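Going by the UniProt record's numbering, the first residue of the sequence shown is number 1, and it counts up by one from there. Glycine included, every Cβ here is placed at the ideal spot set by N, Cα and C. Just so we're clear, the structure is a prediction, and the values are computed from it rather than from any experiment.
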Amino acid sequence: MKLKSINLKNIRTFKDEKIDLGTGTISATGDNGSGKTTIIESIGHALFGYDPEYRRGESIKLPNGQEYSPNVRNMFLRKGTKTGEIHINFEDDMGGDFLVVNKITSTAQEWEIYRNGMIKDQDPGKQGILNEVRNVLNIKDSYRGTLENYFSHIVTVLQGEIVDPFLKSQQKRKDYFDEILGISYYRDAERDFVHVKNYFSEILQSLREDIKELTGAVESLPEKRKNLQKRKKEIKNLQNKVDSLEDILEDLTKRKKKARRPRKRNK
């Protein structure tokens, strides 16, 4: 996936701003509150379903003393506005051009997705967008089960959290990086390969036994051929004897018939 541009309309500090991302390494600089984090979180929210953790359920104390817990949608909207939009333009590995539009109100939000300028799906919902992004990134099982965690732990590092993984205990640190690097997939593959190995080992052993049996049969073949030739000669000799005896029998039969003929008397 290659991000091409982001357009924010009534999203926090941005009234209507399009940012072309271009190619190569891009650095976002600016004063505190200028919108650097907003850009990152908007991409995460629109494409990966990411909701800023530090804004979830965050309670704000109002001047009258009451507490107000805004939802994520309200925290994205520019102050004094009721609607906002996040437009993300990106390209997949095959060169397909995609545009995801995330429309946000204080009570709801919807998505639209375009491919090569044509609407691919109108209001596919959050899950529809996540499935599309999962396909574009060719992710079967995203990090810890959700694209949201995939974004927050692999795609980007949130402000102030870059050293957090290194401060974990040894085991937690190991588990954390094992999941990021996909070590578990290799372990699963190794475990599954044992069954495959055993299966083919059994087939191989069976083939070896068949080969051994056939080898023995082949080794005895010359002796069997020799015996066969011997039997053929014996059969031929016997056949010759039979033919000779048949000739003798035929001759004797003729003599017998001749001997039985009555003799003529002389007058």
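Proximity below 8 Å, CB of residue i to CB of residue j
i, j, result
"Ile129", "Lys120", "no"
"Gly33", "Thr13", "yes"
"Gly49", "Glu148", "yes"
Residue i versus residue j - alpha carbon distance
i, j, result
"His195", "Ser184", "17 Å"
"Glu91", "Asp97", "5 Å"
"Ala259", "Lys241", "27 Å"
"Arg56", "Met75", "For Arg56, the pLDDT reaches just 49, beneath the cut-off of 50, and the residue's location in the model is therefore unreliable, leaving the point undetermined."
"Ala189", "Asn227", "56 Å"
"Leu3", "Gln127", "20 Å"
"Arg173", "Phe166", "7 Å"
"Tyr68", "Asp192", "Residue placement at Tyr68 is flagged as unreliable, the pLDDT there being 49, under the threshold of 50; a coordinate-derived value is accordingly withheld."
"Gly95", "Arg115", "11 Å"
"Ile177", "Asp210", "In the sequence as displayed, the identity of residue 177 is Phe instead of Ile. Taking the straight line from one Cα to the other gives about 49 Å."
"Asp93", "Ile154", "19 Å"
Which of helix, strand or coil DSSP assigns to residue i
i, result
"Asp247", "helix"
"Thr13", "coil"
"Asn7", "strand"
"Lys82", "coil"
"Val163", "coil"
"Thr253", "helix"
"Asp31", "coil"
"Thr105", "strand"
"Met1", "coil"
"Ile26", "coil"
"Met75", "helix"
"Lys36", "helix"
"Val157", "coil"
"Arg260", "coil"
"His168", "The question names His, yet the displayed sequence has Lys at residue 168. Coil at Lys168, not helix or strand."
"Leu21", "coil"
Cβ separation of residue i and residue j, assumed to be a contact under 8 Å, to the nearest whole Å
i, j, result
"Val136", "Met1", "5 Å"
"Thr156", "Ile40", "6 Å"
"Val133", "Leu207", "Rounded, the Cβ-Cβ distance is 47 Å, inconsistent with contact."
"Val5", "Leu21", "Reading off the sequence shown, one finds Ser at residue 5, where the question assumed Val. At roughly 6 Å, the Cβ-Cβ gap stays under 8 Å, so Ser5 and Leu21 are in contact."
"Asp77", "Asn10", "In the sequence as displayed, the identity of residue 77 is Leu instead of Asp. Right, their Cβ atoms sit about 6 Å apart."
"Gly44", "Ser152", "7 Å"
Practice problem: Report yes or no: do three or more beta-carbon pairs, one from the region 74–84 and one from the region 93–112, lie closer than 8 Å? | Solution: Flag = yes, the region 74–84 and the region 93–112 touch.
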